[in-house]
Amino acid sequence: NEDGTPSKIAINVSNEFDEIYVDEFQDCNNIQNEIFKLISGAVRNKPNLFCVGDMKQSIYKFRDANPLNFRKMCDSYPLYNGAEPKASNKILLNANFRSRPSVLSFVNSVFSQLMSRECGELVYNEEESLNPGANFENSNPDIDFIDIDIINQSNDFGDFESDDENTLDKTEAEAAHIASKIKK
Numbered sequence: 061n062e063d064g065t066p067s068k069i070a071i072n073v074s075n076e077f078d079e080i081y082v083d084e085f086q087d088c089n090n091i092q093n094e095i096f097k098l099i100s101g102a103v104r105n106k107p108n109l110f111c112v113g114d115m116k117q118s119i120y121k122f123r124d125a126n127p128l129n130f131r132k133m134c135d136s137y138p139l140y141n142g143a144e145p146k147a148s149n150k151i152l153l154n155a156n157f158r159s160r161p162s163v164l165s166f167v168n169s170v171f172s173q174l175m176s177r178e179c180g181e182l183v184y185n186e187e188e189s190l191n192p193g194a195n196f197e198n199s200n201p202d203i204d205f206i207d208i209d210i211i212n213q214s215n216d217f218g219d220f221e222s223d224d225e226n227t228l229d230k231t232e233a234e235a236a237h238i239a240s241k242i243k244k
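My numbering puts the first residue of the sequence shown at 61, with every later residue one more than the last.
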């Protein structure tokens, strides 16, 4: 309705769903967020909206995604502590099963220094950090370290340029650098 209350149609649609699951909620826009609110059980005082998301993975601002909707939702629910659940809880899904602990430690260190409400729209704290979820047996110390190369794209590419006709563009220079690292 014009005043923001659910219409009869929204209430009827809401009655059709026992549960509503939304994945990648951080990429929903304001209109989608409002639709989910209006067709969820919240209009009947029976919450049934389950959302999964990660603000660090929001990539659709060009589609008017508003990850702040997800943050507001997360901030409005108490953290589930493993005891008796409340009517609605926030559950952290921050175990990472793909990356080695050394990679996660590095990422957490960098992101905790860079991300804030002003930069990245979230505080990179213990709730946001990535925790090892997999046991990497036969860990190889030769690959359990972090190596960073920074290519200053405002400068020329030195060894990668031989003459004007064979000058590499930035993408080719990066690829050549990566290939040389792999070869080593």
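Idealized CB from N, CA, C, for every residue including glycine.
Open item on the list: The beta strand (DSSP E) that contains Val82, what's its start and end?
Closed with: Walking along the sequence shown from the start, residue 82 turns up at place 22. Per DSSP, Val82 belongs to the beta strand (DSSP E) from 80-82.
Open item on the list: Taking a contact to mean a Cβ-Cβ separation below 7 angstroms, would you say Arg158 touches Phe196 in this structure?
Closed with: Within the sequence shown, numbered from 1, the residue matching residue 158 stands at position 98. Within the sequence shown, numbered from 1, the residue matching residue 196 stands at position 136. In this structure, Arg158 keeps its C-beta atom at 7 angstroms or more from the C-beta atom of Phe196.
Task: Candidates Ser67, Lys121, Cys179, Leu190: closest to Val167 by CA position - done: Locating residue 167 in the sequence shown gives position 107, counting from the first residue. Checked all of Ser67, Lys121, Cys179, Leu190; the closest Cα to Val167 is Leu190.
Open item on the list: For Cys179, count the other beta carbons within 10 Å of its own beta carbon; 16 or more makes it buried, fewer makes it exposed. Which is it?
Closed with: Taking the sequence shown and counting its residues from 1, the one referred to as residue 179 is at position 119. Around the beta carbon of Cys179, fewer than 16 other beta carbons sit within 10 angstroms, so the residue counts as exposed.
- [ ] Check whether the Cβ atoms of Ile151 and Tyr137 lie closer than 7 angstroms to each other.
- [x] Position 91 of the sequence shown holds residue 151. Position 77 of the sequence shown holds residue 137. Result no, Cβ atoms of Ile151 and Tyr137 do not sit closer than 7 angstroms.
- [ ] Give the straight-line distance between the Cα atoms of Arg131 and Ala155, rounded to the nearest whole angstrom.
- [x] If you number the sequence shown from 1, residue 131 lands on position 71. If you number the sequence shown from 1, residue 155 lands on position 95. In this structure, the straight-line span from the alpha carbon of Arg131 to that of Ala155 is close to 19 angstroms.
TODO: Could you name the residues that DSSP lists as bridge partners for Ala70?
DONE: The residue you call residue 70 lines up with position 10 of the sequence shown. Answer by DSSP bridge pairing: none, since Ala70 is not bridged.
- [ ] Along the beta strand (DSSP E) that carries Leu98, what are the first and last residues, could you check?
- [x] In the sequence shown, the residue the question calls residue 98 occupies position 38. Where Leu98 is concerned, there is no enclosing beta strand (DSSP E), although the alpha helix (DSSP H) it sits in stretches over 90-99.
Task: Asp124 versus Gly113, Ala233, Asp87, Lys97, residue with shortest Cα-Cα distance - done: As a first step, residue 124 must be located in the sequence shown, where it is residue number 64. When only C-alpha atoms are compared, the closest one is Asp87.
Task: Residues sharing a beta bridge with Asn156, DSSP - done: Within the sequence shown, residue 156 is the residue found at index 96, counting from 1. Asn156 is bridged to Pro192.
Task: Beta-carbon spacing of Cys111, Phe85 below 7 angstroms - done: Locating residue 111 in the sequence shown gives position 51, counting from the first residue. Locating residue 85 in the sequence shown gives position 25, counting from the first residue. Remark: C-beta atoms of Cys111 and Phe85 approach each other more closely than 7 angstroms.
- [ ] Could you pull the start and end residues of the beta strand (DSSP E) that Cys179 belongs to?
- [x] Looking up residue 179 in the sequence shown gives position 119. For Cys179, no beta strand (DSSP E) encloses it, and the DSSP letter there is neither H nor E.
- [ ] May I ask you to report which of helix, strand or coil DSSP gives Phe122?
- [x] Here residue 122 corresponds to residue number 62 of the sequence shown, with the count starting at 1. Three-state DSSP puts Phe122 in a helix.
Task: Spatial neighbours of Val103 in its chain, beta-carbon cut-off 7 angstroms, leaving aside the 5 residues before and after - done: Residue 103 sits at position 43 when you count from the first residue of the sequence shown. Counting only residues of its own chain and dropping the five nearest sequence neighbours on each side, Val103 has a CB closer than 7 angstroms to the CB of Pro66, Ala70, Ile71, Ser74.
- [ ] Answer yes or no: the CB of Glu76 versus the heavy atoms of the ligand FAD, is any distance below 6 angstroms?
- [x] In terms of ligand content, the structure shown is empty, and the ligand FAD therefore cannot be addressed.
Task: Nearest-angstrom Cβ-Cβ length linking Gly101 and Asn108, presumed shorter than 8 angstroms - done: By one-based count along the sequence shown, residue 101 stands at place 41. By one-based count along the sequence shown, residue 108 stands at place 48. The Cβ separation is near 4 angstroms, so the contact holds.
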